[in-house]
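Residue numbers (our numbering), protein chains in the order written: chain H, 31 to 514; chain G, 2 to 167. Where is the CB? At the ideal position from N, CA and C, for every residue including glycine.
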Amino acid sequence: MDLGNLESLKFFYPEIVLSGTILLLILFDLFIRNKRWLGLMAFLGCILSLVTTFQLYGMSPGWLFHHMIILDNFSLFFKVVSLLAALLVVWMSLGCREIREIHQGEYYTILLTSALGMFFMASSSNLLMAYLSLELVSITSYILTGFLPHNRRSTEAALKYLIYGGVASGTMIYGMSWIFGMTGSLDYARISEALFQGQTNHLALFMAFIFILAGFGYKIVFVPFHMWSPDVYQGAPTPITAFLSVGSNAAGTAILMRFFFPAVSRLGEGGDWLFISGVEWPHFLLMVSMVTMTLGNLCALNQQNLKRLLAYSGIAHAGYILMGLVVLNNDGLKAMLFYIVVYLIMNLGAFLVVVIVANETGKEEIGDYRGLAWRGAAIPAVCMAIFLFSLTGLPPLAGFVGKFFLFAAVIKQGFYLLAVVGIINSVISLYYYAGVVKTMFLDFPEPTDPQVTMTANTSALLGVLSTLTVLFGIYWGPLVHSLH
Amino acid sequence: MDIATALFYLVAIITVGSAAVVAFSRNIIYSAFSLMGTFAGVAGIYVFLGADFVAAVQLLIYVGGILVLILFAVMLTHRITDVEITNRAAGRIPALLAIGIFIFLLVQTIRETSWAKAKEILYAPTTARIGDLFLENYLLPFELASLVLLAALIGAVVLSRKELRE
Numbered sequence: 031m032d033l034g035n036l037e038s039l040k041f042f043y044p045e046i047v048l049s050g051t052i053l054l055l056i057l058f059d060l061f062i063r064n065k066r067w068l069g070l071m072a073f074l075g076c077i078l079s080l081v082t083t084f085q086l087y088g089m090s091p092g093w094l095f096h097h098m099i100i101l102d103n104f105s106l107f108f109k110v111v112s113l114l115a116a117l118l119v120v121w122m123s124l125g126c127r128e129i130r131e132i133h134q135g136e137y138y139t140i141l142l143t144s145a146l147g148m149f150f151m152a153s154s155s156n157l158l159m160a161y162l163s164l165e166l167v168s169i170t171s172y173i174l175t176g177f178l179p180h181n182r183r184s185t186e187a188a189l190k191y192l193i194y195g196g197v198a199s200g201t202m203i204y205g206m207s208w209i210f211g212m213t214g215s216l217d218y219a220r221i222s223e224a225l226f227q228g229q230t231n232h233l234a235l236f237m238a239f240i241f242i243l244a245g246f247g248y249k250i251v252f253v254p255f256h257m258w259s260p261d262v263y264q265g266a267p268t269p270i271t272a273f274l275s276v277g278s279n280a281a282g283t284a285i286l287m288r289f290f291f292p293a294v295s296r297l298g299e300g301g302d303w304l305f306i307s308g309v310e311w312p313h314f315l316l317m318v319s320m321v322t323m324t325l326g327n328l329c330a331l332n333q334q335n336l337k338r339l340l341a342y343s344g345i346a347h348a349g350y351i352l353m354g355l356v357v358l359n360n361d362g363l364k365a366m367l368f369y370i371v372v373y374l375i376m377n378l379g380a381f382l383v384v385v386i387v388a389n390e391t392g393k394e395e396i397g398d399y400r401g402l403a404w405r406g407a408a409i410p411a412v413c414m415a416i417f418l419f420s421l422t423g424l425p426p427l428a429g430f431v432g433k434f435f436l437f438a439a440v441i442k443q444g445f446y447l448l449a450v451v452g453i454i455n456s457v458i459s460l461y462y463y464a465g466v467v468k469t470m471f472l473d474f475p476e477p478t479d480p481q482v483t484m485t486a487n488t489s490a491l492l493g494v495l496s497t498l499t500v501l502f503g504i505y506w507g508p509l510v511h512s513l514h
Numbered sequence: 002m003d004i005a006t007a008l009f010y011l012v013a014i015i016t017v018g019s020a021a022v023v024a025f026s027r028n029i030i031y032s033a034f035s036l037m038g039t040f041a042g043v044a045g046i047y048v049f050l051g052a053d054f055v056a057a058v059q060l061l062i063y064v065g066g067i068l069v070l071i072l073f074a075v076m077l078t079h080r081i082t083d084v085e086i087t088n089r090a091a092g093r094i095p096a097l098l099a100i101g102i103f104i105f106l107l108v109q110t111i112r113e114t115s116w117a118k119a120k121e122i123l124y125a126p127t128t129a130r131i132g133d134l135f136l137e138n139y140l141l142p143f144e145l146a147s148l149v150l151l152a153a154l155i156g157a158v159v160l161s162r163k164e165l166r167e
């Protein structure tokens with residue numbers, strides 16, 4: 031299936047619905063007084079788009095818009111992930127005090143535009159589309175990060191993000207120009223053809239990959255392109271931090287796999303992937319994965335700010351997710367996709383508790399969480415414990431199952447060192463996650479600490495997320511089944 | 002060396018030289034002005050590639066529009082020349098060494114690689130073909146680029162707006 035522009039529209043409903051919602055949001059922002067309705071509208075648009083995405087599932091794969099984007103279950107999976115992230119973050123924003131004080135119309139517009147950019151990141155099959163979609167996600171992320179008015183941290187974070195992002199995408203497009211120079215094409219299928227038959231210089235190809243990885247890696251947040259993340263995560267409005275931590279990561283992984291699997295490696299017999307000799311990028315990713323998780327976890331040990339701590343833990347999780355790529359077969363891929371879903375749920379949950387506490391206290395330091403369980407917030411504290419232990423990977427929570435699949439795939443392929451490093455890292459992470467839990471339950475609150483209460487809205491979302499975290503820990507069959 | 006090659010090297014030197022001034026000048030006004038050389042040089046390279054429309058647009062938009070905007074921004078910003086640059090000279094020698102190795106590697110690889118070359122450069126008007134491609138094969142990237150611009154526009158307005166109306 032290789033369709034032109036008009037025929038493609040039939041398979042383009044999720045994007046059309048989302049773009050329509052974005053334009054309507056801009057329009058309605060002009061005359062709707064109660065901005066809460068805009069949030070609900072964005073929510074509705076996400077659900078509608080999600081429904082249309084599910085309708086496309088199970089189709090035979092094909093190219094749309096003259097080979098610009100590809101439609102297959104892989105891209106649909108990542109569309110669902112980014113829509114879920116957007117949906118849950120819109121929900122979270124509805125109950126967040128920080129968001130109520132800013133321009134909500136533009137906020138939801140930009141948020142959905144970012145989700146739309148992630149759609150294209152997951153489905154682009156052309157270097158030009160890959161670059162444009164990455165820029166769309168980057169620019170919207172800078173804007174969302176700097177959304178808090180008169181907030182020094184937010185502005186500083188946005189500026190740092192912009193500078194790092196500019197350098198990263200500049201490097202990436204330079205690498206892409208090398209690929210174009212070697213193969214004479216922007217289309218992934220033709221790049222692959224040219225690379226596999228032509229006498230390409232392996233060193234040049236390798237350098238081009240490193241350049242391109244700078245752009246992708248900056249979205250996935252792996253070392254050494256992680257430097258922006260702690261400042262940005264701390265400075266951005268908390269729902270946006272949550273969105274970036276899961277959405278940006280998932281979309282970056284998607285675009286990386288989109289590029290590296292079809293363009294520079296081939297599916298061999300028995301589900302293993304072959305790649306051009308001399309350019310063994312999985313070995314490179316193996317190193318990156320180990321360094322990323324170790325550095326993320328070690329830096330997280332000393333953090334006093336909870337959002338910063340979650341930023342470093344996000345870096346570590348990017349390392350875990352990369353483990354699935356190193357293995358380079360369908361087992362690893364499935365484990366990785368499973369982990370991305372699980373990570374989405376538990377990480378958004380952890381940030382939701384940060385939002386609930388900050389709504390009442392306005393603070394995000396770990397010290398401000400002392401005795402949270404005894405300050406009228408026993409339920410958020412328990413849920414936070416669930417999310418954090420799930421992030422650690424303790425049974426019987428979803429994080430454990432996710433990590434189990436990842437480690438199993440890695441060990442099956444004989445990457446023992448990687449598995450050992452991963453397990454040691456999980457133990458390290460237990461220390462700082464448990465530290466937060468200890469502060470919430472075992473430390474006693476000062477009389478000056480304010481009470482923390484929840485609204486119906488936030489408690490509903492909290493209930494959904496924590497139920498899913500526990501549910502996927504016990505009964506993960508349906509989710510695994512749907513990944514095939 | 003024929004005259005076209007000599008001209009090409011001249012344009013390349015202007016481009017890279019002005020870019021170096023942009024990066025290394027201590028005075029931001031000098032940096033802003035020498036950006037003109039870079040933009041104009043890039044337009045020259047487009048001419049060598051036979052891309053007449055892109056070269057004209059490069060001159061119109063970048064030299065005529067964006068550069069003037071940058072100059073306005075630089076000159077109208079209060080006391081911009083007094084800003085102390087704090088990280089000016091940190092680890093100059095190791096950086097020089099690393100960049101030297103890096104450039105050596107780059108040049109070596111570029112020399113060894115067999116690049117896919119265009120058959121020949123046609124010096125013919127390109128606008129009609131660009132228009133066709135934008136509405137046929139490259140329709141989706143074209144639309145996506147407009148979405149990127151829309152998002153950037155809204156973002157710029159939001160970030161520079163001062164207070165909430167309510």
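Closest to F255(H) by CA distance: which of T175(H), I209(H), I409(H), G245(H) is it?
G245(H)
Give me the Cα-Cα distance between P426(H) and Y373(H), rounded to the nearest whole angstrom.
15 Å
Please go through the same chain and pick out, in chain order, the residues whose beta-carbon is closer than 7 Å to the beta-carbon of V510(H), but skip the five residues on each side of it.
F368
Note down, in chain order, all residues in the region 150 to 161 of chain G with a beta-carbon under 9 Å from any beta-carbon belonging to chain H.
L151, A152, A153, I155, G156, A157, V158, V159, L160
If you measure from the beta carbon of A33(G) to each beta carbon in chain H, is any gap under 7 Å?
no
Give the range of the beta strand (DSSP E) segment to which L94(H) is assigned.
92 to 94
Taking 7 Å as the threshold (C-beta atoms), are G176(H) and T185(H) in contact?
yes
Is it a yes or a no for the region 357 to 368 of chain H touching the region 428 to 438 of chain H, going by three-plus beta-carbon pairs under 8 Å?
yes
Listed by chain order, chain H residues near A52(G) by CB distance under 7 Å
Ordered by position in chain H, no residue passes the 7 Å Cβ test against A52(G), which lies about 15 Å from the chain.
For I285(H), which residues in the same chain have their Cβ closer than 8 Å to its Cβ, ignoring the five residues on either side in sequence?
M151, A152, S154, A160, S163, L164, F246, K249
Report the partner residues of E113(G) according to the DSSP bridge assignment.
Paired residues: none, contrary to the question.
Of the residues T485(H), S123(H), G69(H), the one placed nearest F381(H), counting alpha carbons only
S123(H)
Within the region 36 to 112 of chain H, note down every full alpha helix (DSSP H) run reaching 4 residues or more, in order along the chain.
43 to 58, 66 to 86
Look at Y462(H) and L315(H) and say whether their C-beta atoms are less than 7 Å apart.
no
Taking 7 Å as the CB-CB cut-off, is I62(G) touching chain H?
no
In this structure, how does DSSP classify N156(H) when only helix, strand and coil are distinguished?
strand
Return the CA-CA distance between T483(H) and L336(H), expressed in angstroms with no decimal places.
19 Å
For the ligand HEM, is there any heavy atom lying closer than 6 Å to the beta carbon of L495(H)?
Absent from the structure shown: the ligand HEM. Ligands present: none.
Output the distance between the C-alpha atoms of D398(H) and N377(H), rounded to the nearest integer angstrom.
20 Å
Would you tell me roughly how many angstroms separate the C-alpha atoms of P292(H) and N156(H), rounded to the nearest one?
11 Å
Would you say V253(H) and L325(H) are within 7 Å of each other, going by their C-beta atoms?
yes
Three-state secondary structure (DSSP) at D261(H)?
helix
Against chain H, with Cβ distances strictly below 7 Å, would E113(G) count as a contact?
yes
What is the DSSP secondary structure of N360(H), counted as helix, strand or coil?
helix
Taking a contact to mean a Cβ-Cβ separation below 7 Å, would you say I221(H) touches T230(H) in this structure?
no
Nonlocal neighbours in the same chain, by C-beta distance under 8 Å from M470(H), ignoring five residues either side:
Y399, R400, G401, L402, A403, A411, M414, A415
Is it buried or exposed, G50(H), if we count other Cβ atoms within 10 angstroms and call 16 or more buried?
exposed
Against S163(H), what residues of chain G qualify as contacts under a CB-to-CB distance less than 8 Å, listed in chain order?
L145
Between which two residues does the alpha helix (DSSP H) containing R405(H) stretch?
No alpha helix (DSSP H) holds R405(H); DSSP gives it neither H nor E.
Tell me E395(H)'s beta-bridge partners as DSSP assigns them.
N335(H)
Nearest chain G C-beta to F314(H) closer than 7 Å, yes or no?
no
Could you work out which residues of chain C lie near E137(G), taking near to mean beta carbons separated by less than 9 Å?
The chain inventory of the structure shown lacks chain C, comprising the protein chains H and G.
Answer with yes or no whether the minimum CB distance from T27(H) to chain G is below 7 Å.
Absent from the structure is residue 27(H), since the part of chain H shown begins at 31 and ends at 514.
Reducing DSSP to helix, strand and coil, say where D217(H) ends up.
strand
Rounded C-beta distance between F273(H) and L141(H)? I'm assuming under 8 Å.
7 Å
Would G444(H) be called buried (16 or more neighbouring beta carbons within 10 Å of its own) or exposed?
exposed
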